[in-house]
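Below is one structure, written out as structure tokens, with a few remarks after it.
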Amino acid sequence: MADITQIFKGTQIALPSFAAIKLNASTWVIDEKLDENRVDGVHKPFSDPEQQPSNWTAKYLCHDHDFPHTEAFMRVYCQGPDEGTEFLLPEVRAQQANPHFEKWEATARRKFRQNGCESVPLLLGCGQSVQGDHGPVPGGYITYLVLKKVPGQILTPDIFWSMERPKRDLLRQKFRAAYEEMSSCGWAPVGEHITKIIWDQASASLWITGFRGSYPVDGKWTDDVLTYYNLINPPASDVWKTLDEWEW
1 MADITQIFKG TQIALPSFAA IKLNASTWVI DEKLDENRVD GVHKPFSDPE
51 QQPSNWTAKY LCHDHDFPHT EAFMRVYCQG PDEGTEFLLP EVRAQQANPH
101 FEKWEATARR KFRQNGCESV PLLLGCGQSV QGDHGPVPGG YITYLVLKKV
151 PGQILTPDIF WSMERPKRDL LRQKFRAAYE EMSSCGWAPV GEHITKIIWD
201 QASASLWITG FRGSYPVDGK WTDDVLTYYN LINPPASDVW KTLDEWEW
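Numbering (full-length UniProt numbering), first residue to last: 1 to 248.
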């Protein structure tokens with residue numbers, strides 16, 4: 001399969017089926033590259049596989065080859081070369097290859113689909129492969145994730161706090177239900193913030209997104225979660241005893 005140096009508008013990427021999570025094989029056509037980030041790592045051993053020192057990632061808008069009206073987002077992760085080795089011969093870079101590394105986001109997304117979690121965008125396709133002879137790190141990992149494009153918009157503080165109190169309370173209620181369902185699967189996004197929420201005002205539907213960084217959670221709810229996601233504001237005074245004193 002193609003790494004991010006080989007993916008362009010019109011590129012077709014075929015992903016396998018996963019019977020364990022009831023995911024059929026599918027082919028996705030790239031429509032547009034939305035962002036790309038390349039981080040080359042320092043060459044040193046890491047005992048924690050999540051601390052893979054190099055990581056190239058890109059996000060694309062795409063559609064299903066067989067069902068063109070099905071729009072989705074594709075996230076591609078691939079191993080990048082260690083810092084200072086970018087222009088060495090491919091056979092030298094190949095010595096850095098880690099073909100079995102997988103981002104926690106991939107683990108989390110499969111868990112969400114397996115559990116039928118409706119609080120995050122649905123996983124429509126996934127795949128794990130290795131780079132070819134001309135990849136950034138020949139033999140290094142490539143991970144593909146395809147997520148359903150949901151309606152609505154990314155929530156911001158300006159949008160949220162411009163709502164009337166009843167609408168804010170409804171959104172908080174929806175968020176708590178979504179968060180509890182999501183976290184019951186054992187995962188949450190790193191960097192909790194209001195912009196991790198997609199809100200569709202027309203249907204009063206809500207999804208939690210932004211799992212590029214993911215971490216395990218125990219699934220327990222406390223109202224402190226509302227503060228992490230900026231859905232309540234601290235009081236003007238630094239002296240307060242309960243969250244009831246915060247701005248709701």
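C-beta atoms are modelled at their ideal positions from N, C-alpha and C, and glycine is treated no differently.
All figures in this text were calculated on a predicted structure; none of them were measured in a lab.
According to DSSP, is residue i part of a helix, a strand, or is it coil?
i	result
residue 47	Residue placement at residue 47 cannot be trusted, given a pLDDT of 44 that sits under 50; what the coordinates show is reported in the next sentence. Of the three classes helix, strand and coil, the one that applies to residue 47 here is coil, per DSSP.
residue 187	strand
residue 221	coil
residue 178	helix
residue 147	strand
residue 85	coil
residue 197	strand
residue 92	helix
residue 12	strand
Determine, using beta carbons only, whether residue i and residue j come nearer to each other than 8 Å.
i	j	result
residue 140	residue 166	no
residue 194	residue 114	no
residue 148	residue 170	no
residue 39	residue 58	no
residue 62	residue 31	yes
residue 217	residue 183	yes
How big is the Cα-Cα spacing for residue i and residue j?
i	j	result
residue 240	residue 224	Legend: pLDDT at residue 240 = 49, less than 50; position of this residue unreliable, value from coordinates given subsequently. For residue 240 and residue 224, the distance between alpha carbons rounds to 14 Å.
residue 65	residue 108	26 Å
residue 163	residue 227	18 Å
residue 130	residue 4	12 Å
residue 94	residue 137	5 Å
List the residues that DSSP assigns as beta-bridge partners of residue i.
i	result
residue 61	32, 73
residue 129	142
residue 18	23
residue 214	189
Contact between the stretch 75–90 and the stretch 151–170 (3+ Cβ pairs under 8 Å): no
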